[in-house]
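Visitor: Take this structure, written in structure tokens, and hold onto it; I'll ask about it next.
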Amino acid sequence: MPATHKILSIDGGGIKGVFAASFLASLELSTGKRVVDQFDLIAGTSTGGIIAIGLCLGYSAGEILTFYEKLGPEIFQHTGFASVMASIKQLGKSKYGHEQIAATLNNFFKGRLLGECKTALLVPSFNIETGEIYTFRAGGASPFDSDNHAEAIDAALATTAAPTYFPAHRTKSGTPLVDGAVWANNPTEVAVIEGIGSFNWSPDSISVLSLGSTQNAFSAGLARSTALGAAYWGMKAADLFMTAQSSAAIMMAELLIGADNVHRFNPMVPARRFGLDKISEIPSLKGLGDSEARKALGELRSEFFA
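In this text, residue positions in the sequence shown follow this note's numbering: the first is 4, and each later residue adds one.
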């Protein structure tokens with residue numbers, strides 16, 4: 004029997020968000036039902052935050068997928084030699100500027116407010132002034148939906164301001180924010196806690212559809228047997244932290260609401276197959292999302308699209 008309260012959670016991952024957008028677009032096409040109408044709370048971090056905001060505002064998953072296909076290359080413009088030079092520049096300042104992503108997202112959201120959301124929204128970010136987490140909440144009956152007045156682009160730019168890739172985003176209220184991925188790249192646990200703590204949903208009434216952005220098998224390499232320092236770990240630190248955070252998020256969500264109620268889809272792919280800004284792989288990510296959704300259709304139709 005389908006759960007009473009349904010949550011959709013979408014990981015960060017840059018252009019790899021195409022996987023999640025395609026997965027959801029395939030579900031909408033197969034079921035004839037819009038994602039926003041099937042969930043009581045939609046949470047997303049970084050690129051997942053863009054998708055979550057779009058869904059909550061009433062965009063179809065197909066429209067969001069088209070946005071990624073057409074405008075993703077405009078945000079991540081570097082290719083070939085220019086990409087190498089941008090990576091070198093990244094050692095001293097952010098790889099990409101603020102202007103292009105701001106213009107692209109502004110054109111997509113067109114000044115809309117989070118208060119227009121058709122279902123509850125949760126978007127993690129982080130305040131680099133105070134060192135505290137910062138979470139956009141809107142569109143629901145929660146007593147903490149304090150961001151109904153905020154513009155969608157403000158939340159989108161904040162949650163996608165990945166350190167080294169984009170500069171911090173200062174909101175219209177003056178708060179300097181960066182990518183929510185620094186503490187909740189996988190927001191599944193945060194969303195479940197929001198449901199239980201803010202909406203007073205019973206744990207046994209909740210079911211979660213959690214979408215990743217593809218994963219590589221983690222390996223510590225030489226560090227398993229050798230005491231290595233910053234020169235080695237510096238290249239692996241982000242993967243280490245995000246892998247650990249995602250594993251903890253799923254484990255805690257399963258403890259809170261039961262493993263059978265957490266439906267996680269995050270396919271394993273070869274190392275370095277996809278990258279945060281590897282726009283050449285958009286077609287492959289789209290195809291992977293569609294094929295994974297088709298395989299999961301029977302399970303998800305009865306649980307979330309009945």
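Backbone N, C-alpha and C fix where the C-beta goes; we use that ideal spot for every residue, glycine too.
1. Quick check: the Cα distance between T69 and E295, rounded to an integer number of angstroms?
2. Under 6 Å Cβ to Cβ from L108, same chain only, skipping five residues before and after it: list those, please.
3. Given this structure, state the Cα-to-Cα distance separating I10 from F129, to the nearest angstrom.
4. Roughly how many angstroms separate the alpha carbons of E306 and L212, rounded to a whole number?
5. Tell me whether the region 178-193 and the region 129-149 touch, counting them as touching only if at least three CB pairs, one residue from each stretch, are closer than 8 Å.
6. CB-CB under 7 Å to R304, same chain, minus the five flanking residues each way: which ones, in chain order?
7. Assuming the contact rule is C-beta atoms closer than 8 Å, G17 and T50 should be a hit. Round their C-beta distance to whole Å, please.
8. Determine the contact status of A24 and A55, defining contact as a CB-CB distance below 7 Å.
9. Excluding the 5 residues preceding and the 5 following D40 in the sequence, name in chain order all residues of the same chain whose CB lies nearer than 6 Å to its CB.
10. Specify the secondary structure class of I67 as computed by DSSP and reduced to three states.
11. Given a threshold of 16 other Cβ atoms within 10 Å of its Cβ, counted over all protein chains shown, does Y154 qualify as buried or as exposed?
12. Exposed or buried, which one is L30 when buried takes at least 16 other CB atoms within 10 Å?
13. Would L125 and A46 qualify as a contact pair, given that the criterion is a beta-carbon distance under 7 Å?
14. How close, in whole Å, do the beta carbons of T217 and V272 come, if the pair is a contact with beta carbons under 8 Å?
15. Taking DSSP as the reference, what is the three-state secondary structure of A46?
16. CB-CB under 7 Å to M255, same chain, minus the five flanking residues each way: which ones, in chain order?
17. Of the residues G290, F244, G215, S283, which one's Cα is nearest the Cα of G20?
18. Less than 8 Å between the CB atoms is what I'm expecting for G75 and T48, so what's the real figure, rounded?
19. Should A8 and I196 be called a contact, given that it needs their Cβ atoms to be closer than 7 Å?
Guide: Per the coordinate set shown:
1. Looking at the backbone, the Cα of T69 and that of E295 are separated by about 19 Å.
2. Within the same chain, L108 has close Cβ partners I156, A159.
3. Rounded to the nearest angstrom, the two C-alpha atoms are 22 Å apart.
4. So the two alpha carbons sit approximately 9 Å from each other.
5. Because the criterion of three Cβ pairs below 8 Å is met, the region 178-193 and the region 129-149 touch.
6. By the criterion of a C-beta distance shorter than 7 Å, R304 is surrounded in its chain by T34, once the five residues flanking it on both sides are discounted.
7. 6 Å between Cβ atoms; contact.
8. No, they are not a contact pair.
9. Within the same chain, and ignoring the five residues on either side of D40 in sequence, no residue has its Cβ closer than 6 Å to its Cβ.
10. In the structure shown, I67 sits in a helix (DSSP, three-state: H, G or I).
11. It is worth fixing the name first, because residue 154 is Glu in this sequence and not Tyr. Answer is buried; the Cβ neighbour count reaches 16.
12. Sixteen is the threshold: when 16 or more other Cβ atoms of the shown chains lie within 10 Å of the Cβ of L30, as they do, the residue is buried.
13. Against a cut-off of 7 Å, the Cβ pair of A46 and L125 comes out as a contact.
14. That pair is a contact at about 5 Å.
15. It is a strand residue.
16. Taken in chain order, the residues that qualify are E192.
17. With distances taken between CA atoms, G20 lies nearest to G215 out of G290, F244, G215, S283.
18. T48 and G75 do not touch by the CB rule: their CB atoms are close to 17 Å apart, not below 8 Å.
19. It should be pointed out that residue 8 corresponds to His in this sequence rather than to Ala. Taking 7 Å as the Cβ cut-off, H8 and I196 do not qualify as a contacting pair.
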